[in-house]
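Chemist: Questions regarding the structure given below will be posed in turn.
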Amino acid sequence: MTFSIVGRDPATGDLGVAVASKFLAVGALVPFARAGVGAVATQSYVNPNYGPDGLRLLAEGRSPQEVAAEFRRTDPDIAQRQFGLVGADGRSVTFSGEGCHAWAGGFAAPDVAIQGNILTGPEVVGAMRGAWEGAEGQPLPRRLLAALRAGDAAGGDRRGRQSAALLCVGPGRGYGGLTDDWVNLRADDHPDPCGELERLLGIHDLLFGRPETTRELTGDELEWLRALLIVEDYATSLPAGPWDPETEAAAWALFGTENLEERWVPGGQFDPVALAYLRERFGEKL
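Once you know that position 144 of the sequence shown is 127 in the numbering used here, the rest is easy, because the numbers rise by one and skip nothing.
See the structure below:
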């Protein structure tokens, strides 16, 4: 009742899963990933134990093919299961039991496993494969989401739409560089869950992305920022002229309120992405 893609970025080693379904909160059951180990999607009369068990077996050194063989050996209901695995080394496997509801099938190649059941047809998997290959070089969350949206556009789950999820991990990719959990987004009940997931990923990139470039503000931009800080009660008055400690303290407080801490650069340098957001957010007030 689901279509999913499990993928690995060969350049960074990042791992992740994107999934969509006519099922409430599919992200609670299908996607699993651990940095440096692998990623798993488990679906179709889902056995959620495949997630932690699969990651444990991969961490022990088993290949995805060996993990799949273990699932087939130990699960008496394997005929109704569907899953995809990608290991940290890029080896992959997809499996669709003969008891999965039609149309069911998948595709596996180095760094990717795509699978789905109760689909409109094989064109869903084909579209996902084409989008994955066409998005080579993009960050893993964007590449996975491109494949998911392509599958949705090609027909997706033939029963309709309800939920979608995106899970990505990578060494030090998480908040503040303190965790490996990078992206964990869910649209649990939405008329356009894949579209909502893309909207959420855009917000995630804004709030948790780190500056790629920085620059000093122009005189006009600094004047605008100081006026904004006063209007929004982060300061009662601020001196004119170059960047100063009072302006920095007030701007830091503004960044904290807007959850932009990851894009903060001290000393008068500014992330253009953060500046563009503030201009759009507060432009009408000044």
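All C-beta atoms, glycine included, are put in the ideal place defined by N, C-alpha and C.
1. With respect to the alpha helix (DSSP H) encompassing Ile186, which residues constitute its N-terminal and C-terminal limits?
2. Am I right that Gly10 and Arg141 are in contact with their C-beta atoms under 8 Å? What's the rounded C-beta distance?
3. Judging by CA-CA distance, which residue of Ile213, Gly185, Leu41, Cys83 is the nearest neighbour of Leu269?
4. Under a Cβ-count criterion, where at least 16 other Cβ atoms within 10 Å of its own Cβ denotes burial, should Val186 be classed as buried or exposed?
5. Per DSSP, which residues does Phe66 bridge with? Please list them.
6. Can you check DSSP and say which residues form a bridge with Arg169?
7. Under the rule that 16 or more other beta-carbon atoms within 10 Å means buried, what is Asn242, buried or exposed?
8. Quick check: the Cα distance between Leu12 and Leu149, rounded to an integer number of angstroms?
9. Measuring straight from C-alpha to C-alpha, what distance separates Pro222 and Leu211?
10. Hey, Ser(-13) and Gln145: beta-carbon distance below 8 Å or not?
11. Along the alpha helix (DSSP H) that carries Thr(-15), what are the first and last residues, could you check?
12. Asp163 and Gly178: beta carbons closer than 8 Å?
13. Verify whether the separation of the beta carbon atoms of Val76 and Asp94 is less than 8 Å.
14. For Thr58, which residues in the same chain have their Cβ closer than 7 Å to its Cβ, ignoring the five residues on either side in sequence?
15. Candidates Thr(-5), Asp188, Leu258: which alpha carbon is nearest Gly120's?
16. If Ala71 and Gly21 are in contact, beta carbons under 8 Å, what's the gap, nearest whole angstrom?
Modeler: Once the coordinates are examined:
1. 176 to 191
2. No, Gly10 and Arg141 are not in contact; Cβ-Cβ is about 21 Å, not under 8 Å.
3. Ile213
4. It is worth fixing the name first, because residue 186 is Ile in this sequence and not Val. Classification for Ile186: exposed.
5. Thr25, Phe78
6. Ala148
7. exposed
8. 12 Å
9. 14 Å
10. no
11. That residue, Thr(-15), is in no alpha helix (DSSP H); its beta strand (DSSP E) goes -15 to -9.
12. no
13. no
14. With the sequence shown as reference, residue 58 is identified as Asp, and Thr is not the correct amino acid for it. Counting only Cβ-Cβ distances below 7 Å, and skipping sequence neighbours, we find Asn30, Arg64.
15. Thr(-5)
16. 6 Å
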